[in-house]
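*Asks:* Encoded as structure tokens, here's the structure I'll be asking about.
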Ligand SMILES: [Zn+2]
Ligand SMILES: [Zn+2]
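In the numbering used here, the protein residues as written are 409 to 741.
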């Protein structure tokens with residue numbers, strides 16, 4: 409039995425395990441609300457996660473049926489997975505920012521053979537070789553649609569307020585970047601913000617563009633803007649969904665901005681005088697481990713991260729797409 413940890417200001421932290429994932433767990437936060445308990449995120453769908461969540465609530469003196477609502481920071485499955493089961497057991501409402509609703513629908517609609525063909529065509533447009541495409545296909549797993557009952561039934565937007573017990577409030581802070589509709593939640597009377605995957609104590613959140621060669625959306629620009637917004641709010645403490653509490657939230661947000669500025673500079677240098685595809689951009693970027701060590705699906709994630717940085721260099725006018733190139737190539741201006 410894993411107990412919820414009372415971390416002050418009426419906040420309980422529940423560790424919801426996902427042992428298959430290198431992150432190990434999702435941290436769910438619970439607070440008393442007028443009709444029971446409100447949760448921030450729900451954790452990965454699975455029996456070990458369900459046990460972690462229900463045990464945690466019981467150690468607070470509540471049962472799963474007391475959950476009044478779940479506010480979701482974003483659509484990723486380690487945050488939304490258990491929502492359906494929570495709703496079944498409690499009738500809770502589920503709220504998420506409007507800009508992640510469509511992503512949630514896509515994520516839960518299953519991986520069909522047609523879906524896989526589209527993925528392969530997509531990485532081909534990025535400049536993947538035949539053998540890269542074959543390796544990606546071999547590593548991919550098809551899966552049926554997820555439970556539809558986990559879909560959010562409430563829509564959040566920036567500035568909106570969620571009522572907690574005793575007149576306390578959680579305010580929605582719109583922080584797109586990690587996903588199009590990522591939101592943080594500011595517990596206004598306690599100088600603390602629930603940061604989801606937007607700001608993490610140790611990990612650098614993934615920021616990607618997933619449609620190649622370049623998306624309209626500049627997700628890195630959104631992410632950097634959102635970090636600046638969080639920094640300027642002057643909230644001291646951050647509680648992320650993974651890792652330790654953040655004791656200096658503005659400082660950590662600034663560090664993440666600097667990290668991406670460095671990567672952008674490094675990428676610009678790595679171009680030299682060459683014309684290169686998105687795939688080659690990824691090969692030339694600096695990673696924690698060498699490009700050769702990435703498994704095929706990890707390469708897909710790395711290419712999306714590279715594309716987001718490339719997209720931002722185009723926004724900044726430092727790089728252009730070479731006219732008429734197929735697959736698209738890019739060069740310094
Ligand atoms: Zn995430
Ligand atoms: Zn996460």
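We put the beta carbon where it would ideally sit given N, CA and C, even for glycine.
1. Report the rounded CA-to-CA distance for residue 625 versus residue 467, giving the unit in angstroms.
2. For residue 476, which three-state DSSP category applies?
3. From this set, 711, 682, 528, which residue's C-alpha is nearest residue 695's C-alpha?
4. Return yes when the C-beta of residue 547 is under 7 Å from any heavy atom of ligand 2, and no when it is not.
5. Provide the residue span of the beta strand (DSSP E) that contains residue 704, from first to last.
6. Closer than 6 Å is what we want: which residues have a beta carbon that near any heavy atom of ligand 1? List them in chain order.
7. Please state the DSSP three-state secondary structure of residue 729.
8. What residue ranges within the stretch 615-695 form continuous alpha helix (DSSP H) runs of no fewer than 4 residues, ordered along the chain?
9. Out of curiosity, what's the CA-to-CA distance linking residue 683 and residue 619?
10. Quick one: grab the DSSP three-state call for residue 447.
11. What first and last residue would you give for the alpha helix (DSSP H) that runs through residue 460?
12. If you draw a straight line from the C-alpha of residue 715 to the C-alpha of residue 709, how long is it?
13. Is the beta carbon of residue 534 less than 8 Å from the beta carbon of residue 727?
14. Out of 512, 486, 478, state which residue places its alpha-carbon closest to the alpha-carbon of residue 496.
15. Give me the DSSP bridge partner(s) of residue 438.
*Replies:* Concretely, from the data shown:
1. 44 Å
2. strand
3. 711
4. no
5. That residue, residue 704, is in no beta strand (DSSP E); its alpha helix (DSSP H) goes 704-723.
6. 482, 484, 586, 605
7. strand
8. 627-641, 657-679, 686-692
9. Straight-line Cα distance between these residues: approximately 20 Å.
10. If DSSP states are grouped into helix, strand and coil, residue 447 belongs with the strands.
11. Judged by DSSP secondary structure, residue 460 falls within the alpha helix (DSSP H) whose first and last residues are 455-467.
12. Going by the C-alpha atoms only, they are around 10 Å apart.
13. no
14. 478
15. 420, 447
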